[in-house]
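The structure appears right after this line, and notes come after that.
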Amino acid sequence: MSNLCRLIREKNRALNRWEQYYGKDELKSFPLHIQFPTGTTCNLKCLFCTERDGIKAKRYDYKNLSFEQFSAILKYDGWRHALSCAYKIELYGWGEPLCNPDYEKIFNYVAANFPGIGIIISTNGTMFNQKWSEKIISIEMSEVNFSVNSASKKTYHRLMGSDLFERVTSNIRYLTDLRNKYNTKNPYITLSYVATLENIKELPEFVDLSVDYGADCIIVQDTMIFNEKTEKLSLTNDPVLAYKMCERAVKKAKEQKIMITFISFETHKGNYFPPNPEYNDDQNIFGAQDIHCEHEKIPRAFFTDTDCFDPWERFMIRADGEVFPCCQSQTFPEFTLGSIYEQNFLNIWNGDAYRYFRKMINTSTPPQVCAVCPRKEPLE
Ligand code: SF4
Ligand code: SF4
3 MSNLCRLIRE KNRALNRWEQ YYGKDELKSF PLHIQFPTGT TCNLKCLFCT
53 ERDGIKAKRY DYKNLSFEQF SAILKYDGWR HALSCAYKIE LYGWGEPLCN
103 PDYEKIFNYV AANFPGIGII ISTNGTMFNQ KWSEKIISIE MSEVNFSVNS
153 ASKKTYHRLM GSDLFERVTS NIRYLTDLRN KYNTKNPYIT LSYVATLENI
203 KELPEFVDLS VDYGADCIIV QDTMIFNEKT EKLSLTNDPV LAYKMCERAV
253 KKAKEQKIMI TFISFETHKG NYFPPNPEYN DDQNIFGAQD IHCEHEKIPR
303 AFFTDTDCFD PWERFMIRAD GEVFPCCQSQ TFPEFTLGSI YEQNFLNIWN
353 GDAYRYFRKM INTSTPPQVC AVCPRKEPLE
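When we follow the working numbering, the leftmost residue of the sequence shown carries the number 3, and every step to the right adds one.
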């Protein structure tokens, strides 16, 4: 990455941190983190996947973002600056990104035109072949999350409805071997595990496998309850067993020096998850992007444990083009901050809705979506 590209991103980060500190609502800085969805199609049909056959699915209509649509959006004012200043872009959507026939063109365009932006992919790994390993390894601060969710072929088949467990694991191994061969930290590799009653007993074994595969971190996520099927799968049905297995997994992860973290949803607050282990500054669970940055001397704006600065740092686009300050708020459609198909970047980023969020979020009367957010009501 050229020094100039690095410097621009670091300056933007520093300005963004100062603007947080002084509680600015109209920002001169650009977001640090952009999520740009590339499509909603998928080649699997996991039991726990967000309602792909229900009302939500109709809204997204299983569409892929075409390269033409993508380039048309980037012509709107502000987008080129935003992508030249952000630290990372999540380039995937509510589906398997590699199912989009234009994904490679979109990826190549971002990599070639915005050097220094960390590209993040979340994939089920079934199509993440050697070509993709070789591509991602050349992107500085890149990250790949593989959604594996099982430690055995049998459980994988039951949960993911596919026989591709071995293909996925060999794709992960190829990438980690390549990373070792080139002696690089790119990409940061996480393996995700949506914890359900079907796979919770395998979680400790999954820790062993993740070490064996050479991953950096394990992300254990709660199952979202949105219909009868997911209600039956949920760990809420056996919190004692779930807690025991999670504790065992944490113990193994500590022994084998792999990071593990647990993420709950607001619906049931995952009291069957143990507290997240604490890691030092060199072990950022979500990647290396926070290390070695100029902002270290800038005071953080957190005054209480419940303060949230996502509306300063994040620009998250939903599959239908609506913008939100975080993943959590995407479940409240009435709170959209704008649409990338109708407005230019700057009109959204410094529009009335984003500014309202920044003004109110850390007050005693935050926007409704924030008032019910777990970030504002930390787990006991
Ligand atoms: S791989 Fe991901 S997007 Fe595809 S069905 Fe499974 S959970 Fe859903
Ligand atoms: S919903 Fe939660 S995470 Fe999102 S901006 Fe509000 S407080 Fe922050």
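Quick reminder that beta carbons are idealized off the backbone N, C-alpha and C, glycines included.
Computed from a predicted structure; not experimentally measured.
When the alpha-carbon of Lys30 is set against those of His83, Phe69, Cys328, the nearest one is in His83.
Scanning Leu235, Glu233, Ile221 for the CA closest to the CA of Cys248 turns up Ile221. Exclusion of the five residues before and after His35 leaves Ala88, Tyr89, Lys90, Glu315, Arg316 as the residues of its chain whose Cβ lies within less than 7 Å of its Cβ. In terms of CA proximity to Glu136, Leu177 leads the group Leu177, Asp240, Thr365, Met143. In this structure Ile319 touches Ile342 by the C-beta definition: roughly 6 Å separates them, less than 8 Å. Taking the Cα positions, Cys372 is about 30 Å away from Cys48.
Within the same chain, Cβ atoms closer than 8 Å to the Cβ of Gly353 are found at Leu339, Gly340, Gln345, the five residues on either side in sequence being excluded. Counting the other Cβ atoms within 10 Å of the Cβ of Phe326 gives 16 or more, which makes it buried. Here Arg316 carries a strand assignment [DSSP, helix/strand/coil]. Between the C-alpha atoms of Tyr195 and Pro99 there is a straight-line separation of about 18 Å.
When distances are taken from the beta-carbon of Leu237 to the heavy atoms of ligand 1, even the shortest one reaches 6 Å or more.
Going by C-alpha positions, Glu145 is about 16 Å away from Ser212. Restricted to the region 183 to 216, the beta strand (DSSP E) segments that are unbroken, complete and at least 3 residues in length are 190 to 196, listed in chain order. In this structure, ligand 2 has a non-hydrogen atom nearer than 6 Å to the beta-carbon of Gln330. If you check the C-beta of Val242 against ligand 2, you find no heavy atom less than 6 Å away. With respect to the 7 Å criterion, Tyr94 and Ser124 are classified as neighbours on the basis of their beta carbons.
Around the beta carbon of Leu9, fewer than 16 other beta carbons lie within 10 angstroms, which makes this residue exposed. In this structure, Asn364 has its beta carbon at no less than 6 Å from each heavy atom of ligand 1. Secondary structure of Phe337 (DSSP, three-state): helix.
In terms of CA proximity to Ser68, Thr43 leads the group Glu92, Leu85, Thr43. According to DSSP, Gly120 shares a beta bridge with Lys90. When C-alpha distances from Glu106 are compared across Trp96, Ile75, Gly41, the shortest belongs to Gly41. Boundaries cannot be given for Met129, as no beta strand (DSSP E) includes it and DSSP labels it neither H nor E.
The Cβ-Cβ distance between Ala153 and Glu200 does not fall below 7 Å. By a beta-carbon distance limit of 8 Å, Met162 contacts Leu46. Their separation comes to about 5 Å. Sequence-distant Cβ neighbours of Cys7 in its own chain, meaning closer than 6 Å and more than five residues away, are Pro117, Gly118.
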